[in-house]
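K.L.:
First, the structure itself, so that you have it in front of you.
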Amino acid sequence: MPQWDIAVPTRPGRLPGTTMAGFSDRANTFVDVEVIPHPGVTVVFDLGDLPLVIDDGNGQERRGPVVAGLAPNRVRGQGQPGSFACLQVRMSPVVAHAVLGAASEVSGAVLDLDDLWGRDALRTQERLRAATSWEDRFTVAEAALARRHDAGRAVDPEVAFSWARMVDSRGQLRIDRLAAEVGWSRKRLWSRFRSQIGVTPKRAAQLIRFDHAAHLLAAGHTPAAVAADSGYADQSHLHRDVTTFTGSTPAQVARAPFLAVDDVAWPARR
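For the sequence shown, UniProt numbering assigns the number 1 to the initial residue and increments by one for each residue that follows.
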């Protein structure tokens, strides 16, 4: 089993809605990690001596810098014994819309970063590999993300507000109320949100609520308590959402190895 060394930036990033962490395995074992969906878009830069292989859940394997959009299929990362290291970036989909382009193309999928960034993806990976410390790598990655963000197109303010309200309510805010708060019809909010965030408001709320529940399960809370705290109608409702997003039971998600280090790498999850 991997013994993770985790590095995080020592200073706040200048790009809101973006967090980074570096992972390496000091045990030099075979790495096999199934990704638990979370309410963010992920970019992974492979920095190890041997390649990290990403199974995208659709029967395809990808190497090099990859992007996993909101709520992808069951994604698994595998690395051979050796010097394993990767830098992982998590972005709010509001930020990802500008950094990566059309969210509708990324959502639910795993793509090669060069499909979105072209040669800039390879140049960024080369600079990351040339860096001699995690802090230098974070600086390189942040500069690349900020450059793309500044050149990209922002989401509508109403969409950004809606996403923030969903996160603050842990996915428990009714869509009708949200539409009223931004002064849009439900149909308009649904359409704009879907085109810019990549999923419908309902799906986004489900994912945010699931993320909160998954971390409570990993912290040792009972499914009954988690269902009540997370706004599920009952345990069966919680079970359905967990199965939808992971293909596993709540008990299996509670034991997911990567969730055990998630709060170390992402102490300020949003």
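Beta carbons are placed, not taken as given, at the ideal position from N, Cα and C, and that holds for glycine.
None of the values given here were measured: they were computed from a predicted structure.
#1: Which residue marks the beginning of the alpha helix (DSSP H) containing ARG255, and which one marks its end?
#2: Can you confirm whether the region 231 to 251 touches the region 191 to 210 when touching is taken to mean that 3 or more C-beta pairs between the two stretches lie within less than 8 Å?
#3: When you compare each of ALA179, ASP49, PRO65, ILE197 to LEU189 by their alpha carbons, which one comes out closest?
#4: Classify SER191: buried if its beta carbon has 16 or more other beta carbons within 10 angstroms, exposed otherwise.
#5: If you count every other CB in all the chains shown that lies within 10 Å of the CB of PRO223, and 16 or more means buried, which is it?
#6: Report the partner residues of ILE6 according to the DSSP bridge assignment.
#7: Using CA atoms only, rank isn't needed, just tell me which of ILE6, VAL110, HIS237 is closest to GLY69.
#8: So, does the region 255 to 268 touch the region 5 to 25, judging by three or more C-beta pairs under 8 Å?
#9: Tell me the rounded alpha-carbon separation between ARG270 and GLY40.
#10: Classify ARG148 as buried or exposed, calling it buried when 16 or more other Cβ atoms lie within 10 Å of its own Cβ.
#11: Can the beta-carbon of VAL66 be found less than 8 Å from the beta-carbon of LEU113?
#12: What first and last residue would you give for the alpha helix (DSSP H) that runs through THR244?
#13: Unbroken alpha helix (DSSP H) runs of length 4 or more, entirely within the region 128 to 181: which are they?
#14: Taking the straight line between their C-alpha atoms, what separation do you get for HIS239 and PRO250?
#15: Name, in chain order, the residues that DSSP records as bridge partners for THR42.
#16: Identify the residues that DSSP records as bridge partners of ASP229: which are they?
#17: Measuring CA to CA, which of GLY118, ALA7, LEU116, ALA143 is closest to ARG127?
#18: Should the region 145 to 163 be called in touch with the region 129 to 136, which here means at least 3 C-beta pairs below 8 Å?
#19: Could you give the distance in angstroms between the alpha-carbon of VAL106 and the alpha-carbon of HIS97?
#20: DSSP has THR18 in a bridge; who is on the other side?
#21: If you draw a straight line from the alpha carbon of GLN196 to that of LEU50, how long is it in whole angstroms?
#22: One question on the structure: do PRO201 and SER169 come within less than 8 Å of each other, judged by their Cβ atoms?
#23: Judging by CA-CA distance, which residue of TRP4, ASP5, ARG14 is the nearest neighbour of ASP150?
#24: GLY171: which of PRO9, PRO12, GLN206, GLN235 sits nearest, CA to CA?
#25: Going by other Cβ atoms of all chains shown within 10 Å of its Cβ, with 16 needed for buried, is residue 287 buried or exposed?
#26: Taking buried to mean at least 16 other C-beta atoms within 10 Å of its own C-beta, is GLN3 buried or exposed?
P.N.:
Taking the coordinates as given:
#1: Taken as a continuous stretch (DSSP letters only), ARG255 belongs to no alpha helix (DSSP H), as it is neither H nor E.
#2: Short answer: they touch.
#3: Residue ALA179 is the option with its Cα nearest to LEU189.
#4: Looking at its Cβ environment, which holds fewer than 16 other Cβ atoms inside 10 Å, SER191 is exposed.
#5: Counting C-beta atoms within 10 angstroms of its own C-beta, PRO223 has 16 or more neighbours from the protein chains shown and is therefore classed as buried.
#6: ILE6 is bridged to PHE23.
#7: When each option's Cα is compared against that of GLY69, the closest is VAL110.
#8: Yes, they touch.
#9: Any reading at ARG270 must be qualified, since the residue scores a pLDDT of 41, below 50, and its modelled position is unreliable; no value is offered.
#10: Result: buried.
#11: Yes, Cβ-Cβ distance for VAL66 and LEU113 is below 8 Å.
#12: Note, THR244: alpha helix (DSSP H), 235 to 246.
#13: Segments of the alpha helix (DSSP H) lying fully in the region 128 to 181: 134 to 151, 157 to 168.
#14: Whole-angstrom Cα-Cα distance: 6 Å.
#15: THR42 pairs with ALA68, ARG90.
#16: None, per the DSSP bridge assignment.
#17: Of GLY118, ALA7, LEU116, ALA143, the smallest CA-CA separation from ARG127 is found for ALA143.
#18: Output reads no: the region 129 to 136 does not touch the region 145 to 163.
#19: C-alpha separation (whole angstroms): 9 Å.
#20: DSSP output for THR18 lists MET91 as bridge partner(s).
#21: Answer to the nearest angstrom: the Cα atoms are 36 Å apart.
#22: Not a contact, by the Cβ cut-off of 8 Å.
#23: Ranking the options by Cα distance to ASP150, first place goes to ARG14.
#24: Looking at PRO9, PRO12, GLN206, GLN235, the one whose alpha-carbon comes closest to that of GLY171 is GLN206.
#25: As shown, the chain starts at 1 and ends at 270. That puts residue 287 outside it, with no answer to give.
#26: It is exposed - the Cβ of GLN3 has fewer than 16 other Cβ atoms within 10 Å.
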